[in-house]
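Novice:
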Amino acid sequence: MAERAPLPPGSTIGILGGGQLGRMLAIAAKQLGYRCIGYAPPGDNVAASACDDFFDNGWGETAALAAFASKCDVVTWEFENVPLTAVGAIPERMLAPNPRALQIAQDRLNEKRFVEELGATCAPYMRVESDEELTRAIDRIGAPGILKTARDGYDGKGQWRIGSSREAEGVRFPGQTCIYEGLVDFETEFSVILARGYDGSIRIWDSTANTHEGGMLVRSALPAGEIVEAQVEEARAIAKKTAKALGYVGVLTLEFFATRNGPVFNEMAPRVHNSGHWTIEGAATSQFENHIRAICALPLGGTATRFAEIEMRNIVGEQALAAHRILSEAGEPHLHLYGKREARAGRKMGHVTRVSHGISHGKP
Ligand code: AMP
Numbered sequence: 001m002a003e004r005a006p007l008p009p010g011s012t013i014g015i016l017g018g019g020q021l022g023r024m025l026a027i028a029a030k031q032l033g034y035r036c037i038g039y040a041p042p043g044d045n046v047a048a049s050a051c052d053d054f055f056d057n058g059w060g061e062t063a064a065l066a067a068f069a070s071k072c073d074v075v076t077w078e079f080e081n082v083p084l085t086a087v088g089a090i091p092e093r094m095l096a097p098n099p100r101a102l103q104i105a106q107d108r109l110n111e112k113r114f115v116e117e118l119g120a121t122c123a124p125y126m127r128v129e130s131d132e133e134l135t136r137a138i139d140r141i142g143a144p145g146i147l148k149t150a151r152d153g154y155d156g157k158g159q160w161r162i163g164s165s166r167e168a169e170g171v172r173f174p175g176q177t178c179i180y181e182g183l184v185d186f187e188t189e190f191s192v193i194l195a196r197g198y199d200g201s202i203r204i205w206d207s208t209a210n211t212h213e214g215g216m217l218v219r220s221a222l223p224a225g226e227i228v229e230a231q232v233e234e235a236r237a238i239a240k241k242t243a244k245a246l247g248y249v250g251v252l253t254l255e256f257f258a259t260r261n262g263p264v265f266n267e268m269a270p271r272v273h274n275s276g277h278w279t280i281e282g283a284a285t286s287q288f289e290n291h292i293r294a295i296c297a298l299p300l301g302g303t304a305t306r307f308a309e310i311e312m313r314n315i316v317g318e319q320a321l322a323a324h325r326i327l328s329e330a331g332e333p334h335l336h337l338y339g340k341r342e343a344r345a346g347r348k349m350g351h352v353t354r355v356s357h358g359i360s361h362g363k364p
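Per the working numbering, residue 1 is the first one in the sequence shown, and the count goes up by one each step.
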């Protein structure tokens, strides 16, 4: 991989996508002396207030994309469903990570095949294009299972659990390419989050145990427990091979199920990840800062965990309205609110991280 000169302070980072991940990336970039310009279609783009400038234009507006790119020195993304046509409007030499990572991660079938070739184990799965193919997939793989849209799903959206073949009769095929996969009987879930630099160096954070409800992450915690600790090396090896095979620069996340038979790959995100928010207070360098360091060709920071116990919880929907109450709780909670205008049910509004040295120092 070509080594690069570090991007000088005052240079401009473009961020595709306007959500909380972009906001936290922009905050980290600012600390390192960079400017940020965001780009996302009109909406509640909470990254905008953390950026120096923001384009609220559609993904199809090539002239706006060109104007955006002309103001940037490097362009990254915070959202893996940025259409490839929009990414294609930006000169490839300006993009980090490599856009091939987006192309693979935008399609569940592609990403499973890609990591399987690198030696990962996946749940049994089949491509499904119609009701008949769904019936065939259930016959072959069995039930329970999950039908997922191959593209555009996130936080449990575009997913249907199917308890039995009979239940499948009530599921209407969504009319787009899907994947049917067997339900994994897992002990816990964890993710491997790594940062890779232009020089090929890799830093990996500790893996938290992740809890999901309705397909959405609600909690990440350390220590992650014996099962994760026993399986994390195998999962890290897959993540490292994936990053290398993609010529990846930046933060990359792979999600796994820890099962009795070892780690089972679930999906990858070519970006910073919700299960890494704890790194802001809990690690030597946060995932956001290391992503910025990587794409700006700066040396990566250490990823060591700084506390014996760490817990990150998402603040969802109307929980945000009373979130300031959290600040009066014991244990110095670190509250992050993303500034979203509408507290819709199921919407990630913020998160809180609690850290502890694992020993009591008496009353605060
Ligand atoms: P995904 O969008 O694929 O990451 O799925 C969101 C969440 O749904 C996962 O983190 C799991 O909690 C659950 N899930 C997804 N696929 C499976 C599966 N094959 N077996 C068991 N649980 C699953």
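Cβ coordinates follow ideal geometry from the N, Cα and C atoms, glycine included.
(1) Exposed or buried, Ile13, counting other C-beta atoms within 10 Å across all chains shown (16 or more means buried)?
(2) Please state whether DSSP places Lys241 in a helix, a strand or coil.
(3) Please classify Pro99 as buried or exposed, where buried requires at least 16 other C-beta atoms within 10 Å of its C-beta.
(4) Which residues bound the beta strand (DSSP E) around Phe288?
(5) Does the structure place the segment 167–182 close enough to the segment 224–237 that three or more beta carbon pairs sit under 8 angstroms?
(6) What residues in its chain sit with their C-beta under 6 angstroms from that of Ala50, if we drop five residues either side in the sequence?
(7) Apart from the five residues just before and just after Pro6, which ones in its own chain have a Cβ nearer than 7 angstroms to its Cβ?
(8) Going by DSSP in three states, His324 sits in which element: helix, strand or coil?
(9) Suppose you measure from the CA of Arg354 to the CA of Glu132; what does that come to, to the nearest Å?
(10) Where do the ends of the alpha helix (DSSP H) carrying Ser70 lie?
(11) Less than 9 angstroms between the C-beta atoms of Val316 and Pro333, yes or no?
(12) Would the C-beta of Val184 count as close to ligand 1, meaning under 8 angstroms from any of its heavy atoms?
(13) Using only the heavy atoms of ligand 1, determine whether one of them is closer than 8 angstroms to the beta carbon of Asp107.
(14) Looking at ligand 1, does it come within less than 8 angstroms of Asp148, judged from the CB to the closest heavy atom?
(15) From Phe377 to Tyr39, what does the alpha carbon distance come to, in whole angstroms?
(16) At 3 residues or longer, what runs of the beta strand (DSSP E) sit wholly inside the segment 2–71?
(17) Less than 7 angstroms between C-beta atoms, sequence neighbours within five positions excluded: which residues of the same chain meet that for Lys363?
(18) Quickly, what does DSSP pair Gly262 with across the bridge? List them, please.
Specialist: Let me lay it out:
(1) Per the 10 Å Cβ criterion, buried.
(2) In the structure shown, Lys241 sits in a helix (DSSP, three-state: H, G or I).
(3) Pro99 is buried by the Cβ-count criterion.
(4) Segment Gln287 to Ile295 is the alpha helix (DSSP H) holding Phe288; no beta strand (DSSP E) there.
(5) In this structure the segment 224–237 does not touch the segment 167–182; the number of beta carbon pairs closer than 8 angstroms is below three.
(6) These residues qualify, in order along the chain: Arg23, Ala26 and Ile27.
(7) Cβ within range, chain order: Cys296, Ala297 and Leu298.
(8) DSSP, read as helix, strand or coil, puts His324 in helix.
(9) Their Cα atoms are separated by approximately 49 angstroms.
(10) Looking at the DSSP string, the run of the alpha helix (DSSP H) that includes Ser70 is Thr62 to Ser70.
(11) Result no, Cβ atoms of Val316 and Pro333 do not sit closer than 9 angstroms.
(12) For ligand 1, at least one heavy atom lies less than 8 angstroms from the Cβ of Val184.
(13) Result no, Cβ not under 8 angstroms from ligand 1.
(14) According to the sequence displayed, residue 148 carries Lys and not Asp. Indeed, a heavy atom of ligand 1 lies less than 8 angstroms from the Cβ.
(15) This structure gives no information on residue 377, because the portion of the chain shown stretches from 1 to 364.
(16) DSSP assignment within the segment 2–71 yields the following whole beta strand (DSSP E) runs of 3 residues or more, N-terminal first: 12–16, 35–39 and 53–55.
(17) Bear in mind that the predicted position of Lys363 carries a pLDDT of just 47, short of 50, making it unreliable; the figure below should be weighed with that in mind. Nothing listed; no residue qualifies.
(18) Its beta-bridge partners are Thr259.
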